[in-house]
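Residue numbers (our numbering), protein chains in the order written: chain A, 1 to 358; chain B, 359 to 716; chain C, 717 to 1074; chain D, 1075 to 1432.
Using N, Cα and C, we set each Cβ at its ideal position, and we do this for glycine too.
It should be emphasised that the depicted structure is a prediction, and the values quoted were computed from it without experimental measurement.
Below, the structure is given as structure tokens:
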């Protein structure tokens, strides 16, 4: 209700601030009997971790997931699973100068107005550090999807600034995506992105990005009619990620200029002939590849001086210090995968609940 | 859970098919003491109603909202409010030829796969006729917002095909918007839209549209941290409207090409200096105008013959007969307003629940 | 949230007042493909109906359930099911004298304090007339349980005033229960109840009752750990029925005086050797018979003059006129069955959601 | 959904097993600005703690609550609050002999049947150790109630076996209750309880108990119509506590033998003249004292040998070793207070959400 839970049946509840003792997650509804160890989290936590390449925040965190409940002798028990990620590298003093000033483009102003109190250290609860818990939960969701349906979720950076990456959605090379600093499938884009980000960094500025996420081998029939269409729930999941300003499914905004005869995906006995729908019709999965694009704004944590006001309403200049990404879209890749996985597992369960009864 | 409810505290639950006896809504959490009569619904129901101009479905429905519960002596009682909209012009026979064929771009295939049974008359539960109930609920939500905070919600058509309408977001002429056949604020676009839709209609085709919705006089502080950010809930609401394929808040996908110094909205003592945020920072309203854009796909109900399969998996040709809009985006205007209003009232309540206690 | 919905996945939402146009229910999460006709409701609606014997309210209602959505060609579609029960015998004038006075033991005072407005006609939303919708929803739940697991739910009157009925829980004669005016399994109690109620009626008074409900052939494993134990959800369901003041599972309050060696139900290879648990251990069904007792208070709608205050806080005398039951517990029988059935189906679905995934 | 969350707006989510690393709680919806330190938890955690007197489990736990999130500079921030209680005295080996046998009266059998896997160490998730988290959350709820409305919640032991304690509900001596080993208000009962429990302990047996809880200074108007009546939510909360088999509100099961003229609480200008309602009419608080009784079964963890089956379905004898309470009802006192407090705060918020909007 107060916004810290996600999902209906497969339900993640989180707590934790950027500079508090730890981030905490409770995942309820996990099926029993799934093998799970703390090592399972390493790959995705590392992809999200700041400092993993030179264009992401230099803050060093171990980001080790520690399981506190819900696993017995290496397997999930079906009861609620709890895990923490400790904040080991906090350096609160870096943020002391913003206790009183509202950083433009951040949640400082709105949290203060909403609650009358604000943990100003590194953005407190509004910090993207919170997404570490989502990534951890996503690991479990992806494991379930993979084991049960061989469903595979792949996110990648498809655009930074004006530079677009090429991607063959039917043949994404996951190894390449995860081995370059930009999580992009396009070898040529790697160099261009590198060049662009060097410039942006030199200007102490930041730049937006587009992230694309697909899911392969999705069971048909996931999603509910009317309000909880799976595309609606995906939009909710994605727009809830820090910095996301837009979400498209399938043809997305290109649909505006399409005619009905162009847009509709005709079917033949071998299946759909195109995928403008992005794998979803009437809010329910078709079994085709799910395709979703996200727009991520450039972070407002930049060292270009800007105008703002302080708590007293006086105009002041601000320069955001600290260690920040020139392009936050890059680190969003595992977060986006996690959120799509959480939505899919939750809808699998919702579907099972109703349709397996009779 | 099965997708037919919307909102957490101010909660709409709906039922009803295109060609069943009636559409039904129960709205729970309505504050007591609000004056409400059946006439209050007329304006918005008429805007949504098919046949209100020559470019929307020719089906004639009275679309009269009848209140069954929750109102006593002209005022809401605080207990759950129920209302129905009867289906008076059903003509089931028009649809009999699609009982067995999956219309491309429709939910026919996915409903059949999900449930193993499908009310094929006019799309059944997946029909856009269902949105009549959302519009009715939105009338109550808009009334609350207007009375309590003078909050005003305005949606309009900002693009059809390649033709873009001009709009001065700070000075929208609601009367003009609601008096032209395209719900657009741009007098010059009216003619161009008219011309385009005549052509589309002549080709028995359809075309996509972009709809923009704004909210003025929004209280600061609405939205919850992390998952139920108000932009996430808006995205959920909007992507759940039939035909919507994309949602943007503020600068939206343009953010991808912006730098941080361009995007961040600086503040001075007279307030924010720009609105790339679309009125929302960290998922919480800033008090600025909320600005959201939607992409609506061209309807797949067209008379251009298309390929599909039938229930037996055989390839067949299909032509969708019946009365259909060449541009469904137009009729979405009151639906979009309704959904934004529902989100805002729900978040007002969520905010009050927690923050008015101490 | 505002209290008019019940269940998590198999979810009933209701609206309607005693003297409004109609009572309305939307049941979400109904599995597809269940045969359902309006006649299916008759038996239970008749059991709940006032006027069905001379000791229940003389108000005449047809209490015909009309399906508005969710059924196509005689089968449920999996989409939300809506139904109404019209109020045909309203006689509002009977109640006009209580518009200003708070009937002792009724919700008049609390509704006025909570909402500042009250539909005083027959109790408005707080009237037991509202339970007609629960009974209707229960019909569907019982049908699902019967078809899927042969689960059978039987409620009966086990005590009125000091007179206790004998019952052999292992061999309840449903036909006898449903063919006597008191829904009791004990032929000797029938006469004693009849005698007692004649006296109570002569005194223009009312009397309390105990109702017992059992479920046979319950699948093992229903219920969730910690908060949503199935006994907790049953207690929620039962205490939410008008007039209920107490709920016991299994040995109930007798457990207070038992020792551990008496209470614990030992197991042998042929199963449990006793049933102090009432079919539930650790909040999860054991597969044994579920046994629940309810205490129902005597209705406060009596013609013995009583003291109360009016809206202005002045002391006044009140005599409740209108048609009322001397023992409301009797008519509770189908309501109690309905609520238990709703809980069981919801928990079946919750169990399926999580445990059928892997 | 999977049962590990409680409350709608003021929402507690828990995880943790008896012998895992820690118990974890996330409390969402906490109002901002409440002073909170780890010391605030000591009093209630000590009351629940095993080993605090000679009739409760001898297991030694520090039961120190550690706050991980949601508090900044000594005040709640309005964002989700997380806390842990570490399991420091686990001694897993004590329980190794029950890995394969189902203890009668415990959840061993049902967890195994439900999940196919069971953390058998000390009952795992079904252990009453889990209630430590509820008590911790209750501390925060009681603090809010006390600060905002001077609402006070007092639970006490009113019966053990056949021995009943006397209690003057209008004048409960909290200091006396909390300073005797049985949390009872009756000095004479203390000795009798002591005597009884010595005997029970000597027999290696256990005994049931009745616990009464009251709330003073409760605001009028809390509770929702129909399903989420506050008495229904209280019943849900209480029946969800380990070992509870019955719940009564006000006159409870005594209502069965009352007449309407006895039961109804008449009103005069100085207020209600009696309290058979237990402070709740139509599911909504009247402002009178809330009075609730609970039946707690005798624990099945006794050293009297009993019959059961093992995982293979073979009959075996079992003696539950380990450190166990002869009367678990005693330690339930702070848990019962906590659950009532959680219900009241949640309903305060629900009431505010809807009724403070207009």
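Excluding the 5 residues flanking residue 787 of chain C on each side, which residues of the same chain have their C-beta closer than 6 Å to its C-beta? 752
Limits of the unbroken alpha helix (DSSP H) element including residue 1120 of chain D: 1116-1122
Where does the unbroken alpha helix (DSSP H) through residue 837 of chain C begin, and where does it stop? No alpha helix (DSSP H) holds residue 837 of chain C; DSSP gives it neither H nor E.
is_contact[residue 1088 of chain D, chain A] using C-beta, thresh 8 Å: yes
Cross-strand partners of residue 1099 of chain D (DSSP beta bridge): D/1088, D/1157
Which bits of chain C does residue 729 of chain B rub up against, with CB to CB less than 7 Å? Given that chain B is displayed from residue 359 to residue 716, the structure contains no residue 729 of chain B and the question cannot be resolved.
Comparing alpha-carbon positions, which option in A/40, A/12, A/81 lies nearest residue 1094 of chain D? A/81
Among B/683, B/621, B/512, which one has its Cα closest to the Cα of residue 534 of chain B? B/512
In angstroms with no decimal places, state the Cα-to-Cα distance between residue 841 of chain C and residue 1302 of chain D. 13 Å
State the Cα-Cα distance for the pair residue 1034 of chain C and residue 434 of chain B, rounded to the nearest angstrom. 28 Å
So which of D/1412, D/1321, D/1416 has the shortest CA-CA distance to residue 1370 of chain D? D/1321
Counting only Cβ pairs nearer than 8 Å, list the residues of chain C close to residue 29 of chain A. 1069, 1070
Show which residues of chain A have a CB atom less than 7 Å away from the CB atom of residue 585 of chain B. 3, 4, 5, 6, 240
Taking Cβ positions only, does residue 948 of chain C come closer than 8 Å to chain D? yes
Inspect the beta-carbon positions of residue 1281 of chain D and residue 1235 of chain D and report whether they are closer than 8 Å. yes
Would you mind reading off the limits of the beta strand (DSSP E) that contains residue 1380 of chain D? 1380-1383
Counting only C-beta atoms, is residue 998 of chain C closer than 8 Å to chain A at any point? no
Cutoff 8 Å: residue 433 of chain B Cβ touching any chain C Cβ: yes
Between the C-alpha atoms of residue 4 of chain A and residue 221 of chain A, what's the straight-line distance to the nearest angstrom? 28 Å
Along the segment 1348-1376 of chain D, where does the CB come closer than 7 Å to a CB of chain A? Name the residues. none
Residue 534 of chain B - DSSP class collapsed to helix/strand/coil: helix
Using a Cβ cut-off of 7 Å, pull out every chain C residue sitting near residue 79 of chain A, in sequence order please. 941
Is it the case that the segment 742-752 of chain C contacts the segment 856-868 of chain C, given that we only count it when at least three CB pairs across the two stretches are under 8 Å? yes
Would you kindly work out how many angstroms separate the C-alpha atoms of residue 596 of chain B and residue 279 of chain A, rounded to a whole number? 18 Å
So, under 8 Å CB-CB, residue 1158 of chain D and residue 1096 of chain D are touching, yes? Tell me the CB distance rounded to an integer number of Å. 5 Å
Pick from A/42, A/26, A/132 that is closest to residue 331 of chain A, judged by C-alpha positions: A/132
Could you tell me which chain C residues have their CB closer than 8 Å to the CB of residue 1267 of chain D, listed as they occur along the chain? None at all; the shortest Cβ gap to chain C is about 13 Å.
Reference residue 466 of chain B; option with closest CA among B/369, B/659, B/683, B/382: B/659
What residues from chain D crowd round residue 139 of chain A, counting only those whose CB sits closer than 7 Å? Per Cβ cutoff of 7 Å: no residues; residue 139 of chain A is ~17 Å from chain D at best.
Contact check, residue 427 of chain B vs residue 740 of chain C, beta carbons under 8 Å: yes
How would you list, in chain order, the residues of chain B whose beta-carbon sits under 7 Å from the beta-carbon of residue 315 of chain A? 626, 627
Delimiting residues of the alpha helix (DSSP H) encompassing residue 66 of chain A: That residue, residue 66 of chain A, is in no alpha helix (DSSP H); its beta strand (DSSP E) goes 65-69.
Report the rounded CA-to-CA distance for residue 957 of chain C versus residue 1283 of chain D, giving the unit in angstroms. 27 Å
Could you give the distance in angstroms between the alpha-carbon of residue 309 of chain A and the alpha-carbon of residue 47 of chain A? 36 Å
Pull the bridge partners of residue 517 of chain B from the DSSP assignment, please. B/522, B/568
In the DSSP assignment, what are the bridge partners of residue 792 of chain C? C/787
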